[in-house]
Amino acid sequence: MTTTTPSRRRRRAPTRIERVAGKAAALQKPRVILAGLLLLALTSVMLLDGYLRAEVGGDQRVRTGAGSGKVPDKVLDGGPVLTFRGGQATTVSVPDKTIALTFDDGPNPTWTPQVLAILKKYDIPATFFVVGSMVSRYPSIVADMVDAGNEVGIHTFTHVDLSYQSDARVNREMQQTQLALAGAAGITTTLFRAPYSSETDAIDNYSWPVYKKLGEDGYTSVFVDTDSDDWKRPGVSKIVKWATPDDGEGASVLFHDAGGERSQTIEALPKYIEKMRAKGYTFTTISGAVQKQEAADGGQAGGQTQGGPNGQPGGAGAGAGTSNLQAAHRTATGATLYEGKALIGAVAVAEWTVPVLSAGLLVVGVAVMGRFGLMLILARRHYRQRNRRRFSWGPPVRQPVSVIVPAYNEKECIANTLESLARSTHPIEIIVVDDGSTDGTSEIARTAARDLGMTNVRVIRQENAGKPAALNNGVRSAGHDIVVMMDGDTVFEPDTVRQLVQPFADPEVGAVAGNAKVGNRNTLIGAWQHIEYVMGFNLDRRMYDLLRCMPTIPGAIGAFRREAVLEVGGMSEDTLAEDTDITIAMHRAGRRVVYQEHARAWTEAPGSLKQLWSQRYRWSYGTMQALWKHRKSLTDKGPSGRFGRVGMPLVVIFQIVTPVFAPLIDVFTVYSMIFVDFRAALLAWLAVLAVQLLCAAYAFRLDREKYRYLLMMPLQQLAYRQMMYLVLIHSCITAMTGGRLRWQKLKRTGEVGTPAGAGR
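Residue numbers (the working numbering): 4 to 763.
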């Protein structure tokens, strides 16, 4: 055993990564929080969209057959307009030969503009009882409605039967609709019509307290005298007939501008207006009808001058439909106006975001399924090609190779690593590069080599400079043309090195990726990572090998032509993923990179979620750095261009873009299970899981692994995968904010011993 120790020299200057390490560390927690907030924001947007569509908080119950013994007779027998002036219930009828034309359930982007066009053509106003969720989705229609001199009233926010709801829910339905009106048209209103209501004689003991409460808050409840029943789509002639009052009586007449297909309403409305005008009727708003009736009764004009909703000051009313600001309308000011605009803005974001995300998820889903199919096809082809009897890389490679083991505080593992290399069936020299360890790693390595009788081991100590520098030191010190790189916590099988170097019989091959396996797989986290390694890494590598665009040679097991490494400038410190960086550099130098499945290495995977997060965060961020560094390969020619136009898009799409969307798939699934269709959503999720299980089972078959670990896969999808997605989002945020990371040493236990002890 030969030991080389560099002479004492002036301490090196910190690397670029180390110079900003303190700043980066300080930024980690905020970025984790930001990643969580991003997912929370997207979830909130989805819930808002579901609420607007009554998928969240919707209540389809409609009360029928209830008694009315607690409702005053004068209300049951009164007119269609109910107020509570001075705390006393008062009803108002529509004057004779007068039609208060009302529309429910809008606005609707298809039918409401057509209704407004007809009203404009005949120069008549109407009162629209709008649903707050629809107002927030189509605010411009409401603005046009009000600007044209029409009146608006509240029809709740989500079209629920308020008799079933708590006082808090009733208040929320009203207040949210007021905010929507404030944001859409700059107004609030005192008019209210309950969903599923009709004439006043239909008020029951359950709805009466709701009307009383709203009356105390300053609202005027509006019912109907005549119902067109246009929602039944009975035909144009029947709609006109049913909407016609008897014997010249005035009426509050109900039509619908939303809530279904309204072509018959659009066709019937002009005929109805012409018919009623021919009978001598005039058209007005609800406020106009009240003012007209009170004037006829000798009452005070502007009959809705009592306080507005929630104590808002009343205002003098204009004539029937003659003012843009109707008597029932109040100008929204202050917090109400700004909160309303904020609501409209939030809804606009949800209305744009959710469909885009839905379309994006559909594309992602198709792409992922396509990738699974491609992986299975190419993996099978790769396996059959590389395992047929006549396959050969060329003449057997028998010359000695150099095995480089970078080590930093690896006292728990380094002896096991050397013991596994002592059993190698291929001639090797071993170079252990101790990167400034403080735990006696170099001494342990020397002792282990001496105890094992190994004379082919050199231990090189250097001041702490990072893993890339340690590897470069090892490459420079290597005495052979082929160098094998492995981690200090990894153990090789006896035949690993021999299998790993055989592809170098092909002069085109510049680097070889080995088959890294999880040794500590007996824990839950270890089992999850075992599935990931076999399916997510090795199955991918088979595909990338055939496509000649391998993105990463794992740091745990990889081999290179020494001259090729020196040709590209060695292992770079520019990124945290030096293995991905050097692999892409090999492609750009025109070297072929292949995967050797029979060269197996056993590595110790992180044993805790914190350690796992740290490792995967570095991997994800380092991969992004490497892709950005080599972005010019997109326009290169030859092997470099092949990687840039085939490998790089695949990595970006399937290792960055689709995983970023993946949490939303799960959020959509949970959302759909709870609010839409539980069975359909569950079946869809199970179908995707079945496809993944199929791919994983095939990967396990190719690697000759035990299938029992696949029992962990459903739980992996629910827990482990979510963590990986948050790590990736965290990495994306770090990249976008320009942050940097330093190499983070993981805690090792040394539980992965010799390959014989790393049982499957």
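Beta carbons are placed, not taken as given, at the ideal position from N, Cα and C, and that holds for glycine.
{"Asked": "What residue does the alpha helix (DSSP H) around R389 start on, and which one ends it?", "Found": "337-390"}
{"Asked": "In this structure, does DSSP put G529 in helix, strand or coil?", "Found": "helix"}
{"Asked": "What do you get for N765, buried or exposed, if any count of 16 or more other CB atoms within 10 angstroms of its CB means buried?", "Found": "Any question about residue 765 goes unanswered here, given that the chain covers just 4 to 763."}
{"Asked": "Run through the segment 156-235 for me and flag every whole beta strand (DSSP E) of 3 or more residues, listed as ranges in chain order.", "Found": "190-192, 223-225"}
{"Asked": "Between the beta-carbon of Y701 and the beta-carbon of A382, is there less than 8 Å?", "Found": "yes"}
{"Asked": "Note the first and the last residue of the continuous alpha helix (DSSP H) segment covering H259.", "Found": "First-last for H259: 254-259, but that is the beta strand (DSSP E), not the alpha helix (DSSP H)."}
{"Asked": "Where does D577 fall in DSSP's three states?", "Found": "coil"}
{"Asked": "Given a threshold of 16 other Cβ atoms within 10 Å of its Cβ, counted over all protein chains shown, does D126 qualify as buried or as exposed?", "Found": "exposed"}
{"Asked": "For G317, name the three-state secondary structure that DSSP assigns.", "Found": "With a pLDDT of 37 at G317, under the threshold of 50, the predicted position of this residue should be treated as unreliable, though the coordinate-derived value follows. DSSP places G317 in coil when its eight states are reduced to three."}
{"Asked": "Quick check: what's the CA-CA separation for A129 versus H158?", "Found": "15 Å"}
{"Asked": "Which whole-angstrom value describes the C-beta separation of P83 and V239, a residue pair presumed to lie in contact below a C-beta threshold of 8 Å?", "Found": "Going by Cβ atoms, the distance from P83 to V239 rounds to 25 Å, so no, they are not a contact pair."}
{"Asked": "Could you give the distance in angstroms between the alpha-carbon of T223 and the alpha-carbon of G156?", "Found": "9 Å"}
{"Asked": "Would you kindly check if the distance between the Cβ of V504 and the Cβ of A473 is under 8 Å?", "Found": "no"}
{"Asked": "If we count Cβ pairs, one from each stretch, closer than 8 Å, do we get three or more for the segment 560-567 versus the segment 535-552?", "Found": "no"}
{"Asked": "Would you say K282 and P98 are within 8 Å of each other, going by their C-beta atoms?", "Found": "no"}
{"Asked": "Check whether the Cβ atoms of V145 and A188 sit closer than 8 Å, and answer yes or no.", "Found": "yes"}
{"Asked": "Would you mind working out which of K241, M279, E342 sits nearest Q179, comparing C-alpha positions?", "Found": "E342"}
{"Asked": "If you follow the beta strand (DSSP E) that F646 is part of, which residue opens it and which one closes it?", "Found": "From DSSP, F646 is part of no beta strand (DSSP E); its letter is neither H nor E."}
{"Asked": "Pick helix, strand or coil for S143, following the three-state DSSP scheme.", "Found": "helix"}
{"Asked": "According to the Cβ coordinates, are V441 and I417 closer than 8 Å?", "Found": "Looking at the sequence provided, one finds Thr at residue 441 rather than Val. It is not a contact, given that the beta carbons lie outside the stated cut-off."}
{"Asked": "Can you list, in chain order, the residues of its chain with a C-beta nearer than 8 Å to that of I528? Leave out the 5 residues immediately preceding and following it.", "Found": "A608, P609, G610, S611, L612, L615, Y723"}
{"Asked": "Of the choices R591, I556, P557, whose alpha-carbon is the least far from that of V571?", "Found": "R591"}
{"Asked": "What is the C-beta distance between F727 and P662, in whole angstroms, given that I count them as a contact (C-beta under 8 Å)?", "Found": "Per the sequence presented here, residue 727 reads as Met, with Phe not at that position. Yes, M727 and P662 are in contact; Cβ-Cβ is about 7 Å, under 8 Å."}
{"Asked": "Please report how far the alpha carbon of R280 lies from the alpha carbon of G363, in whole angstroms.", "Found": "53 Å"}
{"Asked": "Expressed to the nearest angstrom, what Euclidean distance is found between the alpha-carbon atoms of Q599 and N523?", "Found": "22 Å"}
{"Asked": "Between the C-alpha atoms of L51 and A345, what's the straight-line distance to the nearest angstrom?", "Found": "13 Å"}
{"Asked": "To the nearest angstrom, how far is the alpha carbon of T428 from that of G439?", "Found": "31 Å"}
{"Asked": "For A120, does the three-state DSSP call read helix, strand or coil?", "Found": "helix"}
{"Asked": "The beta strand (DSSP E) with Q505 in it runs from where to where?", "Found": "Looking at the DSSP string, Q505 is not in any beta strand (DSSP E), and its letter there is neither H nor E."}
{"Asked": "Are V95 and V293 close, meaning C-beta to C-beta below 8 Å?", "Found": "yes"}
{"Asked": "Ends of the beta strand (DSSP E) at M488?", "Found": "485-488"}
{"Asked": "Which full runs of the alpha helix (DSSP H) of 4+ residues lie inside the segment 607-680, going along the chain?", "Found": "612-632, 641-645, 651-654, 661-678"}
{"Asked": "I believe R64 touches D164 by the beta-carbon criterion, under 8 Å. Please report the beta-carbon distance rounded to the nearest angstrom.", "Found": "6 Å"}
{"Asked": "If you check the beta carbons only, do D107 and L257 fall under 8 Å apart?", "Found": "yes"}
{"Asked": "Below 8 Å on the Cβ atoms is my guess for I556 versus D582; work out the distance and round it to an integer in Å.", "Found": "6 Å"}
{"Asked": "Looking at C-alpha atoms only, which residue of G539, P510, E202 is the closest neighbour of A519?", "Found": "G539"}
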